[in-house]
Structure formats: C-alpha cells, structure tokens
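Everything below concerns the one structure shown next.
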Amino acid sequence: MDLWIYVTLAAATFQTVRFMLQKQMATSTLSASGATFARFFYSAPLVAVLMALYMTVRGQSFPDLSTAFWMYGAVGGLAQILATVCVVMLFKQRNFAVGITFKKSEVVLIVVMSVLVLGEKVTWLGFGAILLGVVGLLLLSSAPKDQAFRLRDMANKAAGLGLLSGALFAVSGVTYRGASLELPLDDPLARAAITLSAVTAMQLAAMAVWLRLREVGQITAVWKARRVAGWIGMFSMAGSFCWFLAFTLQNAAYVKALGQVELILSLMVTALFFKEKITPREITGVCILGASVVLLVSVI
Numbered sequence: 005m006d007l008w009i010y011v012t013l014a015a016a017t018f019q020t021v022r023f024m025l026q027k028q029m030a031t032s033t034l035s036a037s038g039a040t041f042a043r044f045f046y047s048a049p050l051v052a053v054l055m056a057l058y059m060t061v062r063g064q065s066f067p068d069l070s071t072a073f074w075m076y077g078a079v080g081g082l083a084q085i086l087a088t089v090c091v092v093m094l095f096k097q098r099n100f101a102v103g104i105t106f107k108k109s110e111v112v113l114i115v116v117m118s119v120l121v122l123g124e125k126v127t128w129l130g131f132g133a134i135l136l137g138v139v140g141l142l143l144l145s146s147a148p149k150d151q152a153f154r155l156r157d158m159a160n161k162a163a164g165l166g167l168l169s170g171a172l173f174a175v176s177g178v179t180y181r182g183a184s185l186e187l188p189l190d191d192p193l194a195r196a197a198i199t200l201s202a203v204t205a206m207q208l209a210a211m212a213v214w215l216r217l218r219e220v221g222q223i224t225a226v227w228k229a230r231r232v233a234g235w236i237g238m239f240s241m242a243g244s245f246c247w248f249l250a251f252t253l254q255n256a257a258y259v260k261a262l263g264q265v266e267l268i269l270s271l272m273v274t275a276l277f278f279k280e281k282i283t284p285r286e287i288t289g290v291c292i293l294g295a296s297v298v299l300l301v302s303v304i
C-alpha cells in the first residue's frame with residue numbers, strides 16, 4: 005500500500021484517542037471551547053520545537069512563506085477550531101460513535117471543496133465509494149430512540165452540529181493541503197511540519213484571546229487539567245502531523261474518505277470505555293461506512 009494510506013490510518017487512530025479524552029474533559033471541568041483550546045495549548049510549542057529540530061538535522065533552510073500560504077493556513081485554522089467546538093458540543097447530544105459519524109459528512113463535502121479551491125478531482129469509482137459512505141450517514145442521522153429513518157430527523161440539533169462540523173472540517177482539509185502545496189520544498193515531512201507549526205501557532209493565539217475575553221477562567225482550568233489535557237496535546241500533535249503529511253501526499257478527498265476507519269475505532273471506544281449502547285441501526289451504518297473505506301482503498 006502507498007505511504008499515505010498508512011499515515012492516514014495512524015492519523016485516525018490518534019484522533020480517536022484525542023476525541024475520547026476531549027469528551028471526558030468537555031463533560032466535566034472544561035467548556036467546549038476550553039477542551040478545544042487544550043489541544044493547541046499543549047501541542048503548538050512541541051510542534052514548533054520538533055519542526056525546528058527536523059529542519060536543522062536535515063540541513064534544510066527555512067523557506068519563504070507566501071501570502072497565499074498564510075491565507076490558506078489562517079482559513080483552515082479558524083475552520084478547524086469552529087469544527088472542533090461543534091464536535092465537542094455534539095458529544096453532549098449523542099453518543100461517541102454517532103458524534104464522530106456526523107462529522108464524517110466532510111468526506112462528501114471535501115470533494116466539492118477540492119474541485120472549487122484546488123482544481124483537484126476524484127475518479128468515478130472513488131466518488132462511488134464516498135457516496136456509499138453517505139448511506140451509512142443517513143442510517144445514523146435520527147435520534148437514538150427512533151428505529152426508522154425519516155427525513156425530518158435530519159433537523160435535530162445533533163445532525164445540525166454534525167453537518168456544520170463536517171463542512172468546516174472539509175474547508176480546513178482542503179486549505180491545509182493548499183498551504184502545504186504553496187511551500188517550495190520537495191520533502192513532504194518538512195512541508196507538513198512547517199504547515200502544522202504555522203497553523204497551530206495561529207490557532208493557539210486566536211483561542212487564547214477568545215477565552216481571555218469571553219470565557220474567563222477556562223485557560224486556568226486547562227492548566228489545572230493538565231494531566232489529561234497534556235495527553236490531548238500529545239495525541240493532537242501526532243494526529244495532526246499525520247493528517248498534514250497525508251494531505252501533502254494525496255488528494256484531500258481520498259485522505260478524508262479513508263479516515264472513516266475512525267468510525268470503527270470510535271464504536272469500540274463507545275462500547276468499551278464509555279459503556280454507551282449502540283443500536284443495530286448504528287452498527288449497520290458503521291459497517292456500510294467501513295465497506296466504503298475498503299472499496300476506496302481498492303480503487304485508488
């Protein structure tokens with residue numbers, strides 16, 4: 005298999021663990037914004053240090069960063085912040101596996117974004133695999149107590165938050181790839197590291213200002229929760245680097261589609277760690293999404 009496949013699988017694993025930790029924090033001492041800030045507070049400094057060390061060891065000079073690079077990075081960073089807040093809020097509406105599934109609406113939306121923003125396209129077979137995943141999304145879109153899917157179920161708050169987060173994550177995925185492609189470097193690791201370092205620094209600064217002005221006390225709460233929040237930062241850094249590297253290597257639509265393996269992992273987390281009940285309909289939806297991932301890998 006190609007390198008981007010292994011990198012994407014690693015990213016999905018790291019992200020599942022990070023969201024699991026954020027769910028615990030968001031339902032205890034931190035607000036949705038505070039739990040989101042924790043990932044940047046503990047990961048941004050480490051990302052910058054590791055990026056500098058890598059560039060030094062490799063003997064590579066730091067490239068000039070174009071205006072387009074900063075624009076792509078800023079838009080992507082803001083979209084990711086808002087999307088993550090939506091996901092953390094979503095955890096309070098539905099169980100863990102379904103919350104992650106709603107977020108996966110980004111897989112379809114990112115195809116459109118890739119065409120409009122970067123001019124990249126997907127094959128018909130690849131798009132068919134992505135559409136198969138939509139069936140799984142529809143099976144998981146109604147309220148937990150309902151057994152049959154109805155179109156009006158799409159109007160519930162959980163669906164709205166999930167779809168909004170999906171759209172925002174689609175924007176961030178495409179713009180992150182756009183930022184990476186703006187760097188005049190051949191080394192994909194260096195491009196991913198520089199892009200990630202720049203984006204997380206902007207996100208840290210933006211969220212610190214927001215919390216200081218609008219949610220006084222949350223920054224202190226993040227520090228007090230450092231035993232868990234520190235791990236959020238670590239897994240966030242590892243997952244984000246893998247996502248950025250995958251975006252550097254492959255079309256963002258394919259990367260995000262393969263990233264749906266996160267659903268299988270989140271289902272395991274839901275049952276084993278949070279002891280939350282998964283309905284037969286939800287299991288069916290996750291299985292269909294898993295099948296779409298297998299099909300996608302086989303046709304690319």
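Numbering-wise, the working numbering puts 7 at position 3 of the sequence shown, and it's gapless, one number per residue.
Where a beta carbon is used, it is the ideal one built from N, C-alpha and C, also for glycine.
For residue i, the nearest candidate out of the options (CA to CA)
i	options	result
Gly164	Ala233, Leu299, Ile282, Cys90	Cys90
Ser37	Ser65, Val112, Val213, Gly177	Val213
Pro192	Tyr58, Ser118, Trp235	Tyr58
Ala225	Ala39, Ile9, Thr20, Leu25	Ala39
Gly289	Val139, Gln264, Val259	Val139
Gln254	Leu122, Ile268, Met211	Leu122
Ser118	Arg285, Val203, Ala257, Val220	Ala257
Ser302	Phe41, Phe239, Thr127	Thr127
Ser47	Ala233, Arg285, Gly294	Ala233
Val92	Ser176, Gln264, Phe23, Cys291	Phe23
Leu50	Ile9, Trp235, Leu113, Ile292	Trp235
Leu189	Ser70, Val53, Arg43, Leu25	Ser70
Range covered by the alpha helix (DSSP H) that runs through residue i
i	result
Gly263	Here Gly263 belongs to no alpha helix (DSSP H), and DSSP marks it neither H nor E.
Gln207	192-218
Ser296	284-303
Ala56	36-62
Ser176	161-185
Phe245	230-253
Leu122	No alpha helix (DSSP H) holds Leu122; DSSP gives it neither H nor E.
Leu113	110-117
Residue i classed as buried or exposed, judged by whether at least 16 other C-beta atoms fall within 10 angstroms
i	result
Arg218	exposed
Leu7	exposed
Phe277	exposed
Leu34	buried
Met55	buried
Tyr180	buried
Ala15	buried
Lys27	buried
Thr204	buried
Gly221	exposed
Met272	exposed
Thr88	buried
Arg390	No answer is possible for residue 390: it lies beyond the span of the chain, which begins at 5 and ends at 304.
Thr1	No answer is possible for residue 1: it lies beyond the span of the chain, which begins at 5 and ends at 304.
Ala209	exposed
Ala83	buried
Leu215	buried
Leu94	buried
Supposed close pair residue i, residue j - CB separation, criterion 8 Å
i	j	result
Gly81	Met206	5 Å
Leu200	Phe251	Actually they do not touch by this definition, with Cβ atoms about 10 Å apart.
Gly137	Ser296	4 Å
Ala133	Leu300	4 Å
Ser109	Gly170	3 Å
Leu187	Pro67	6 Å
Thr12	Val259	5 Å
Ala196	Phe245	6 Å
Gly77	Ala202	5 Å
Phe114	Val178	The displayed chain sequence assigns Ile, not Phe, to residue 114. That belief holds up - the Cβ atoms of Ile114 and Val178 are roughly 6 Å apart, short of 8 Å.
Residue i beta carbon near the ligand FMN (any heavy atom closer than 7 Å)
i	result
Leu13	The ligand content of the structure shown is nil, which means the ligand FMN is not present either.
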